[in-house]
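>
Number of protein chains: 2
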Amino acid sequence: MTLISLDLNEIYKLAYDAMKSNGCDEANAKALAQIIYSAERDGSHSHGLFRVPGYVKALRSGKVNGKAKPIVESLTSSVIRVKGGNCFAPLAQKIGLKKLVAVTSELGIGLLSLTEIHHFAALWPEVEYLAENKLVGIACTAYMPSVAPAGGKKPFFGTNPIAFSYPIPGEDPIVYDMATAAMAQGEVQLAARDGKRVPAGTGLDINGELTDDPKKILKGVLLPFGGYKGSAIALMVELLAAGVTGEQFSYEAKENDNGDGGPPQGGQLIIAISPKLIAGKNWVKHSKDFVARLSAIDGVRVPGKRRHQNRLNNGPRKINADLIETIKSLLV
Amino acid sequence: MTLISLDLNEIYKLAYDAMKSNGCDEANAKALAQIIYSAERDGSHSHGLFRVPGYVKALRSGKVNGKAKPIVESLTSSVIRVKGGNCFAPLAQKIGLKKLVAVTSELGIGLLSLTEIHHFAALWPEVEYLAENKLVGIACTAYMPSVAPAGGKKPFFGTNPIAFSYPIPGEDPIVYDMATAAMAQGEVQLAARDGKRVPAGTGLDINGELTDDPKKILKGVLLPFGGYKGSAIALMVELLAAGVTGEQFSYEAKENDNGDGGPPQGGQLIIAISPKLIAGKNWVKHSKDFVARLSAIDGVRVPGKRRHQNRLNNGPRKINADLIETIKSLLV
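See below:
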């Protein structure tokens with residue numbers, strides 16, 4: 090695999106140009122380019138430029154509206170809904186999260202329901218934004234059926250990621266974002282592309298047998314992480330992201346998708362909580378002491394640390410040369 | 090192990106008498122007896138009468154106040170706090186949940202923070218109550234350090250259970266309640282008592298080595314379910330139950346506990362969400378269709394089904410004879 094160095098600005102521009110020249114207006118292109126830039130900056134390659142060809146497919150097929158103007162509604166004083174009008178998720182998030190911060194900073198808890206969006210990115214940017222505003226964040230989205238519920242052998246759940254953040258004012262927040270699949274779909278795709286094996290337990294082949302070949306798993310089914318308990322978390326994500334928002338469950342997303350390879354329509358649910366309003370004055374010290382204790386345990390890493398360290402490097406990033414060529418060929 | 094049949098009423102009365110004769114007033118004794126009765130009725134033995142000796146120890150040592158009168162406060166229009174005054178959790182829950190239902194049914198999302206409580210029971214009764222009121226429920230509590238974060242070998246997290254419920258009007262709700270430990274502490278204790286082995290991966294012995302002997306794990310440390318992803322869920326539970334409520338983290342609970350063997354002081358956080366207000370009119374059919382599809386998958390069981398089936402049986406329950414003798418010896 091040949092790697093090429095790109096500056097962070099070049100990464101942003103490449104993503105922006107790909108969106109702009111395929112039908113996105115300024116607002117949509119900027120929101121998406123920012124998300125791709127952040128992913129590459131933090132080392133989340135499976136959610137960076139790797140996603141651009143899929144985004145372009147969705148624009149070209151007309152499934153995604155690159156000029157969509159999301160509509161914000163207050164369903165109650167604590168609940169905001171943003172109807173994306175079939176935009177990519179980042180623009181709807183950008184608009185909704187700002188309002189979610191305002192609501193939660195006043196009421197202690199708030200909920201953001203995103204509908205008519207197409208989510209194809211990581212979820213940590215959403216919850217990290219909440220943490221930067223001194224709020225706890227929980228975000229969930231469903232996707233296309235690719236994971237078998239515990240006991241089953243057929244795809245039903247999406248890879249159903251859940252992201253969580255906890256603010257530590259003056260320090261990096263605790264942030265994680267993980268598929269409830271044993272391995273994220275994007276990681277399995279990268280392993281397949283690079284000819285690597287994956288750990289046993291990642292998934293089943295088309296006959297329902299365990300395999301460590303990512304190509305066979307992509308034709309078969311992923312397993313949830315952690316057996317029936319992980320399956321229960323995947324179920325929660327599915328019900329929050331689609332049941333509560335009223336958007337499509339993973340199986341509906343598949344049934345109604347045009348199969349262009351881009352992200353299907355779906356929903357996202359984001360909960361924000363203010364520890365300041367609930368725990369009271371001592372919450373910052375209390376939280377800092379906790380992180381100090383956790384970090385001091387031999388062998389333990391605080392979630393989010395690696396990304397935050399990657400971010401300190403402003404230098405160029407190594408990007409797959411074939412991917413850059415592919416994206417350049419999509420500029421029209 | 091000798092088993093004795095007890096009617097459900099006899100189970101309730103045994104629990105009630107144990108509480109009443111050890112310093113509980115009427116309200117505290119009733120709330121606790123109801124929780125123990127529900128656990129035995131549904132087959133959750135590790136949270137039923139098995140817990141009574143521990144409850145009594147906490148009353149006798151004075152750690153728990155059996156006559157506590159919990160205080161309810163509205164921190165904001167969406168956030169309720171109940172200060173338990175060192176009661177057992179069920180009484181504080183009973184008072185707080187009623188208000189949480191009212192708030193959430195109006196505002197779409199609500200949060201209940203329980204502090205100064207002693208939680209020693211299952212969490213499904215809390216979230217099932219929310220589901221019976223057509224709300225989604227998420228509940229978390231921390232405990233004493235007994236689980237090593239992924240990568241570590243020393244206890245830091247509690248068994249940190251998370252419970253989730255989703256209402257399906259006209260049908261049984263989806264409900265689960267699980268420790269984020271590979272196995273609940275109560276289950277390990279039962280296995281140790283009954284001389285059984287536990288699955289590999291449940292925990293480490295005192296030297297940090299894997300073992301399937303529950304007695305060695307009780308002296309060593311439990312592992313989280315599902316590796317680093319399960320550890321991330323355990324971390325979320327710890328931060329919600331103690332960080333957001335401002336109550337004791339698991340390690341603080343241990344440091345400040347009197348070691349009487351009863352439940353330490355801690356917090357509990359409960360979130361409720363109204364799908365009706367957020368998803369809109371079609372939510373009931375949408376949710377029913379989802380459960381029908383999930384149930385139809387070969388080998389898959391919908392969480393909560395077994396408990397709800399056990400509940401249909403009004404007959405007597407088989408209880409460990411030694412346990413009954415122990416509890417009777419605690420009646421004064």
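Line by line, the protein sequences are chains A and B. Counting in this note's numbering, the first sequence runs from 90 upward without gaps. Counting in this note's numbering, the second sequence runs from 90 upward without gaps. Yeah, the Cβ is synthetic: ideal placement off N, Cα and C, and Gly gets one too. Being a predicted model, the structure only gives us computed values, none of them experimental.
(1) Could you tell me which chain A residues have their CB closer than 7 Å to the CB of alanine 334 of chain B, listed as they occur along the chain?
(2) Taking serine 320 of chain B as the reference, which of A:Tyr265, A:Gly275, A:Tyr340 has the closest Cα?
(3) Closer than 7 Å by C-beta to aspartate 349 of chain B: which residues in its own chain qualify, once you throw out the five before and the five after it? Chain order, please.
(4) Please work out which residues of its chain come closer than 6 Å, Cβ to Cβ, to lysine 156 of chain B, disregarding the five sequence neighbours upstream and downstream, and give them in chain order.
(5) Measure the Cβ-Cβ separation of alanine 443 of chain A and threonine 248 of chain A and say whether it is below 8 Å.
(6) Quick one: what does DSSP say threonine 193 of chain B is sitting in, helix, strand or coil?
(7) Check this for me: beta carbons of histidine 136 of chain A and proline 352 of chain A, under 8 Å apart or not?
(8) Going by DSSP, what residue range makes up the alpha helix (DSSP H) through arginine 400 of chain A?
(9) What three-state label does DSSP hand lysine 172 of chain A in the structure shown?
(10) Roughly how far, in whole angstroms, is the beta-carbon of valine 391 of chain A from the beta-carbon of leucine 401 of chain A, given that I think they are within contact range, below 8 Å?
(11) Could you list which residues in chain B have their beta carbon closer than 8 Å to that of alanine 437 of chain A, in chain order?
(12) Could you tell me which uninterrupted alpha helix (DSSP H) segments, each at least 4 residues in length, are contained entirely in the segment 284-317 of chain A, listed from first to last along the chain?
(13) Give me the Cα-Cα distance between threonine 269 of chain A and leucine 224 of chain A, rounded to the nearest whole angstrom.
(14) Should glutamate 276 of chain A be labelled buried (16 or more other beta-carbon atoms within 10 Å of its own) or exposed?
(15) What residues in its chain sit with their C-beta under 7 Å from that of phenylalanine 338 of chain A, if we drop five residues either side in the sequence?
(16) Figure out for me which residue from B:Ala107, B:Lys119, B:Lys407, B:Asp378 has the closest Cα to the Cα of proline 256 of chain B.
(17) Between valine 310 of chain A and glycine 290 of chain A, is the Cβ-Cβ spacing less than 8 Å?
(18) Just checking: is the beta-carbon of leucine 462 of chain A within a distance shorter than 8 Å of some beta-carbon in chain B?
(19) Could you tell me the alpha carbon to alpha carbon distance between serine 166 of chain B and valine 190 of chain B, rounded to whole angstroms?
(20) Quick check on DSSP: helix, strand or coil for isoleucine 362 of chain B?
(21) Since I believe isoleucine 408 of chain B is in contact with isoleucine 93 of chain B (beta carbons under 8 Å), could you give me their beta-carbon distance rounded to a whole number of angstroms?
(22) Only counting runs of 3 or more residues, tell me where the beta strand (DSSP E) segments fall wholly within the segment 112-184 of chain B, in order along the chain.
(23) Along chain B, which residues have their Cβ under 7 Å away from the Cβ of aspartate 131 of chain A?
(24) Kindly list the residues whose CB is nearer than 7 Å to the CB of serine 163 of chain A, restricted to its own chain and excluding five residues on each side of it in sequence; keep chain order.
(25) For serine 410 of chain B, is the classification buried or exposed, using 16 other Cβ atoms within 10 angstroms of its Cβ as the cut-off for buried?
(26) Looking only at its own chain, which residues have a Cβ that is under 8 Å from the Cβ of lysine 343 of chain B, when we skip the five neighbours before and after it?
(27) For the alpha helix (DSSP H) containing leucine 419 of chain A, list its first residue and its last residue.
(28) Is the CB of glycine 240 of chain B under 8 Å away from at least one CB in chain A?
(29) Would a check of beta-carbon distances place serine 127 of chain B closer than 8 Å to chain A?
(30) Quick one: Cα of serine 127 of chain A to Cα of glycine 259 of chain A, how far?
(31) Measure from the alpha carbon of glutamine 398 of chain A to the alpha carbon of each residue in A:Arg130, A:Val171, A:Gly284, A:Glu205, then state which is nearest.
(32) Could you check what DSSP says for aspartate 266 of chain A in three-state terms: helix, strand or coil?
(33) Excluding five sequence neighbours on each side, which residues of the same chain lie with their C-beta closer than 6 Å to the C-beta of proline 222 of chain A?
(34) Reducing DSSP to helix, strand and coil, say where leucine 224 of chain B ends up.
(35) Would you list, in chain order, the members of the segment 402-420 of chain B that have their beta-carbon closer than 9 Å to a beta-carbon of chain A?
(36) Please give the ranges of any beta strand (DSSP E) in the segment 199-264 of chain A, keeping only runs that are unbroken, at least 3 residues long and fully inside the region.
Short version:
(1) Correcting the residue type first, residue 334 of chain B is threonine in the shown sequence and not alanine. Ordered by position in chain A, the residues that pass the 7 Å Cβ test against threonine 334 of chain B are Ile367, Ala368.
(2) A:Tyr265
(3) Lys146, Ala147, Ser150, Lys152
(4) Asp114.
(5) Outside the displayed span of chain A (90 to 421) sits residue 443 of chain A, for which this structure offers no information.
(6) helix
(7) no
(8) Per DSSP, arginine 400 of chain A belongs to the alpha helix (DSSP H) from 394-400.
(9) strand
(10) A Cβ-Cβ separation of about 16 Å leaves valine 391 of chain A out of contact with leucine 401 of chain A under the 8 Å criterion.
(11) Outside the modelled stretch of chain A, which goes from 90 to 421, sits residue 437 of chain A, for which no answer is possible.
(12) 303-308
(13) 23 Å
(14) buried
(15) Excluding positions up to five away in sequence, the list reads Ala231, Glu327, Ala331.
(16) B:Asp378
(17) no
(18) Summary: the structure shown does not reach residue 462 of chain A, with chain A confined to residues 90 through 421, and so no result is reported for it.
(19) 13 Å
(20) strand
(21) 6 Å
(22) Whole beta strand (DSSP E) segments, 3+ residues: 160-163, 168-177.
(23) Within chain B, no residue comes near aspartate 131 of chain A; the closest Cβ sits about 17 Å away, beyond 7 Å.
(24) Only Ile169 meet the Cβ criterion.
(25) Before going on, a small fix: residue 410 of chain B reads as alanine here, not serine. With fewer than 16 Cβ atoms within 10 Å of its Cβ, alanine 410 of chain B is classed as exposed.
(26) Met233, Pro234, Pro353
(27) Segment 410-419, the alpha helix (DSSP H) holding leucine 419 of chain A.
(28) yes
(29) Not closer than 8 Å to any Cβ of chain A, the Cβ of serine 127 of chain B fails to qualify, so no.
(30) 21 Å
(31) A:Arg130
(32) strand
(33) Sequence inspection shows asparagine at residue 222 of chain A; the proline mentioned does not correspond to that position. Correct list, in chain order: Val190.
(34) coil
(35) none
(36) With a minimum length of 3 residues, the continuous beta strand (DSSP E) runs that stay inside the segment 199-264 of chain A are 225-230, 251-255.
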